[in-house]
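Trainee: To convert a position in the sequence shown, counted from 1, into this note's numbering, add 238. The beta carbon of each residue, even a glycine, is placed where N, CA and C say it ideally should be. Structure below; questions to follow.
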Amino acid sequence: MKKLMAACFLLLMVSLLQSKAFAGTTNLNCQFSNDEVVEGVDTIEISDETLTINKELEIPLEKSTIRCGNFGRQKRFDGFALGYQIVLESCTTGVALKGDLIDSVKGVSAKVVCNNIQ
């Protein structure tokens, strides 16, 4: 019974920590994760469920919950505006969002990683 209570407590703590990590009150700085870049994009930041490109273009993000295999149910953020599309998922082992930034006008995309480590 003690092991069951300890496991329940651990799951509760992990759930609370995850909800705090992606609550939207902290700014998440994003970088391109490989050699690909989207021309004209210097900075990407997420705050309050909005993606900001170059500190001036704001793309509203829709939040949904998806199933991520061994990670269980995780968060997914989607947005499309101003010729850019973003898809980010929290299906990772660390506290980060990973996904793609697509410039639909130029027809190019790049992998993006967002976290609060600067």
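1) Would you decide whether serine 328 is buried or exposed? Buried here means 16 or more other CB atoms lie within 10 Å of its CB.
2) Short check: CB of isoleucine 284 to CB of asparagine 272, under 8 Å?
3) What are the start and end residues of each continuous beta strand (DSSP E) run of 3 or more residues lying completely inside the stretch 261–334, in chain order?
4) Is DSSP giving lysine 344 helix, strand or coil here?
5) Which same chain residues, not among the five before or five after lysine 313, have their C-beta less than 7 Å away from its C-beta?
6) Report, in whole angstroms, the separation of the C-beta atoms of valine 346 and lysine 336, which I expect to be a contact under 8 Å.
7) Leucine 320: buried (16+ other C-beta within 10 angstroms of its C-beta) or exposed?
8) Report the residue from Phe318, Asn292 and Ala334 whose alpha carbon sits nearest the alpha carbon of serine 342.
Mentor: In this structure, then:
1) Locating residue 328 in the sequence shown gives position 90, counting from the first residue. That one is buried.
2) As a working mapping, residue 284 is identified with position 46 in the sequence shown. As a working mapping, residue 272 is identified with position 34 in the sequence shown. No, Cβ-Cβ distance for isoleucine 284 and asparagine 272 is not below 8 Å.
3) With a minimum length of 3 residues, the unbroken runs of beta strand (DSSP E) contained wholly in the stretch 261–334 fall at 266–270, 282–285, 288–291, 295–298, 300–305, 311–319 and 322–327.
4) Along the sequence shown, one-based indexing puts residue 344 at 106. It is coil, neither helix nor strand.
5) Within the sequence shown, residue 313 is the residue found at index 75, counting from 1. In its chain, beyond the 5 residues on either side, Phe260, Lys301, Thr303 and Ser328 have a beta carbon closer than 7 Å to the beta carbon of lysine 313.
6) Stepping through the sequence shown from its first residue, residue 346 is reached at position 108. Stepping through the sequence shown from its first residue, residue 336 is reached at position 98. Incorrect: roughly 18 Å between the Cβ atoms, too far for contact.
7) Taking the first residue of the sequence shown as 1, we reach residue 320 at position 82. The residue is exposed, with fewer than 16 neighbouring Cβ atoms inside 10 Å.
8) As a first step, residue 342 must be located in the sequence shown, where it is residue number 104. Check the Cα spacing between serine 342 and each of Phe318, Asn292 and Ala334: the tightest is with Phe318.
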